[in-house]
Every structure is written in structure tokens, then in C-alpha cells.
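Asks: Per this note's numbering, the sequence shown starts with residue 1068, numbered consecutively.
We put the beta carbon where it would ideally sit given N, CA and C, even for glycine.
These numbers come from a predicted model, not from an experiment.
Quick one: the structure is below, and I'll ask about it shortly.
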Amino acid sequence: MPLENPKGISPPPFDDGSWGKLKPETPWGTLPTLTLPSGETIGQQRSVLRYLGKKIKHGESYLYPTDPESAVHVDGFMDMLEDIWPILVGNPDALESAPLYSTLLGQGTLDDFLDPRMESGTGDLAFQFDRLENAISEEGPFILGRTLSCADVLLFAAIPWWGSGVFPGMEIMIATRPKIERVVKSVGIIDVISKYYAALKDSRESLPVVGSTNYSDYYKNFHRLCGLKVSD
1068 MPLENPKGIS
1078 PPPFDDGSWG
1088 KLKPETPWGT
1098 LPTLTLPSGE
1108 TIGQQRSVLR
1118 YLGKKIKHGE
1128 SYLYPTDPES
1138 AVHVDGFMDM
1148 LEDIWPILVG
1158 NPDALESAPL
1168 YSTLLGQGTL
1178 DDFLDPRMES
1188 GTGDLAFQFD
1198 RLENAISEEG
1208 PFILGRTLSC
1218 ADVLLFAAIP
1228 WWGSGVFPGM
1238 EIMIATRPKI
1248 ERVVKSVGII
1258 DVISKYYAAL
1268 KDSRESLPVV
1278 GSTNYSDYYK
1288 NFHRLCGLKV
1298 SD
């Protein structure tokens, strides 16, 4: 579909042709990729995430659990998040049922499509979010309790993004799910994460406007959770 050129940017920043050249060089024909110390490049999002989780510690624990029972709990949680993603992204050829594509293309949120699916007791999306809530430890602050894991990071990456790129806000996902809210808030105040978002804040606030969508709004929830000042 034709789109107006974002003010001050020419041409529109949707496809500069670089991906077509890069794609054949990636392991699986997809992004993201990660280059290992050996020089080998690996791909697939959760494969990369698990690899990094086995290398990176928070406190005394690796982000991907070494205990098999904790690991399978983390994997199950991440699998459920991956089950939700395709519904919220949708098919770009059918924008009336493609929530993320709708906002990316400046067409606004698809409330009529999403609201029934988020209805407590009847909606399929509400059921999935409730399963996430039920899978989180009562003790906190994280999914496994006091130990940060890859699943916490993936949940933090999802909820703020969905709360701006899919839904009008995070409230519909967290209002009746206090443990999900607790986890994303706890991840946001981790020093290394808040510093990461602070370092990129200025560049993200200068992103273009497409239709009704200001691309900088995609990051406001992250900034709020990280304790950064956000202009409304």
C-alpha cells in the first residue's frame, strides 16, 4: 500500500535493499544472527537467546538455568510467548486482522479485533495471558522467584512492545495480572538494562511518524519501566 514519505526522510525507511543482499549469507535466511568468538554465525532467536543465557550471569546464576526442571519451566514460558506473537503480528495482506502491521503502517490499533480476544473468560488471547500469569512464581520478583532468567528478559521485551505496537497501552495485559506487571517492572530497573535504554533514548525519540503512528512511541513503555523521563 502507498505510504506518505515521513517528514524530513527520503526515501521512506522501510527497505533499502540491504536485507535482500544479506539474507543468503545468514544461517537460516532470517534475523537475528550472532557471531560467536570462533567466527561462526548462528541464528534463530531463541537458540541465540539460550546460548547467551548460558554465557551471561545475573548475580550468581546464569540466565538460562543449569537445573533441568527450571530450564524446562523457562522454555515453556518462552514457548507460550512465541505462541502469542503470530496472533499479534498477523498477516500483512489482511490488515484488518494484523494488529502489529496495522500500527507499523500508521493505521492505528485494531481494538474491534483484539478486545473480544482479550475478554476475560472467553477470549483466546486472555486465556494465554492468564497462563503466563499462572506460570510465574508467587515469591518473585521474577518468573522463577528470586532468579532472573531468559524468560523474564523475553517477557520484558514483549509486554512494553505489545503495549504500544499492538494495544493502546499495557493496561489490558497487566491490569488483572499483577505478577506479569511485577516481572516487567523488576527487569526494567536492573541497572544494565536501564542504562541500555537510556543510551539509546535520544535516537529513538527522533524516529519518524507514519500515518497515525509515531515510531518513537514504541519505546515509551520501555523508558517508563526503566525509570526514564517520558514526554506525553
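For G1110, report the span of its alpha helix (DSSP H) as first-last.
Replies: Counting along the chain, G1110 falls outside any alpha helix (DSSP H), though it belongs to the beta strand (DSSP E) covering 1108-1110.
Asks: Hey, N1288 and M1240: beta-carbon distance below 8 angstroms or not?
Replies: Taking 8 angstroms as the Cβ cut-off, N1288 and M1240 do not qualify as a contacting pair.
Asks: How far does the beta strand (DSSP E) with T1170 in it extend, from its first residue to its last?
Replies: T1170 -> not in any beta strand (DSSP E); alpha helix (DSSP H) instead, spanning 1166-1171.
Asks: Excluding the 5 residues preceding and the 5 following S1279 in the sequence, name in chain order all residues of the same chain whose CB lies nearer than 6 angstroms to its CB.
Replies: Here the set comprises G1173, G1175.
Asks: Output needed for P1159: all residues of its chain with C-beta closer than 7 angstroms, excluding positions within five of it in sequence on either side, in chain order.
Replies: Cβ neighbours of P1159 beyond the five flanking positions: A1165, Y1168.
Asks: Report the option in W1095, A1193, D1258, E1127 whose CA atom is closest to the CA atom of D1150.
Replies: Residue A1193 is the option with its Cα nearest to D1150.
Asks: Going by C-alpha to C-alpha distance, which of R1249, C1293, N1281, R1184 sits closest to L1267?
Replies: The option with the nearest alpha carbon to L1267 is C1293.
Asks: According to DSSP, simplified to helix, strand and coil, what is N1281?
Replies: N1281: strand per DSSP, three-state reduction.
Asks: Going by Cα to Cα distance, which pick from F1234, R1291, P1275 is closest to K1252?
Replies: Closest option to K1252, Cα to Cα, is R1291.
Asks: Take L1295 as the anchor and find which of L1199, N1281, D1269 has the nearest alpha-carbon.
Replies: When each option's Cα is compared against that of L1295, the closest is D1269.
Asks: Straight-line CA distance for F1180 to G1096?
Replies: For F1180 and G1096, the distance between alpha carbons rounds to 31 angstroms.
Asks: For E1163, does the count of other Cβ atoms within 10 angstroms reach 16, so buried, or fall short, so exposed?
Replies: So E1163 counts as exposed.
Asks: Count the other CB atoms within 10 Å of the CB of G1232; is the residue buried (16 or more) or exposed (fewer)?
Replies: Looking at its Cβ environment, which holds 16 or more other Cβ atoms inside 10 Å, G1232 is buried.
Asks: Report the partner residues of S1128 according to the DSSP bridge assignment.
Replies: In DSSP, S1128 forms a bridge with H1125.
Asks: What three-state label does DSSP hand C1293 in the structure shown?
Replies: Reduced to three states, the DSSP call for C1293 is coil.
Asks: Residue ranges of each beta strand (DSSP E) run of no fewer than 3 residues wholly in the stretch 1176-1253, ordered along the chain?
Replies: As far as the stretch 1176-1253 is concerned, it has no whole beta strand (DSSP E) run of at least 3 residues.
Asks: Where S1204 and V1156 are concerned, what is the direct C-alpha to C-alpha distance, given to the nearest angstrom?
Replies: When rounded, the distance between both Cα atoms is 28 angstroms.
Asks: Under DSSP, the beta strand (DSSP E) around L1148 begins and ends at which residues?
Replies: Taken as a continuous stretch (DSSP letters only), L1148 belongs to no beta strand (DSSP E), being part of the alpha helix (DSSP H) at 1135-1156.
Asks: Looking only at its chain, what residues have a beta carbon closer than 8 angstroms to the beta carbon of L1101, apart from the 5 residues adjacent to it on each side?
Replies: Answer for L1101: T1108, I1109, G1110, V1115, Y1118, L1119, listed in chain order.
Asks: So L1101 is in the beta strand (DSSP E); what residue range does that whole segment cover?
Replies: Per DSSP, L1101 belongs to the beta strand (DSSP E) from 1100-1102.
Asks: Enumerate in chain order the residues of its own chain whose CB-to-CB distance from G1212 is below 8 angstroms, with the five nearest sequence positions on each side excluded.
Replies: S1204, E1206, listed in sequence order.
Asks: From T1133 to L1171, what distance separates their C-alpha atoms?
Replies: Taking the straight line from one Cα to the other gives about 38 angstroms.
Asks: Tell me, to the nearest whole angstrom, how far the beta carbon of V1254 is from that of D1197; I am working on the premise that it is less than 8 angstroms.
Replies: Not a contact, Cβ separation roughly 20 angstroms.
Asks: With a cut-off of 8 angstroms on the beta carbons, I'd call Y1129 and A1138 a contact; round off their distance for me.
Replies: Not quite, the Cβ-Cβ distance comes to about 10 angstroms (not below 8 angstroms), so this is no contact.
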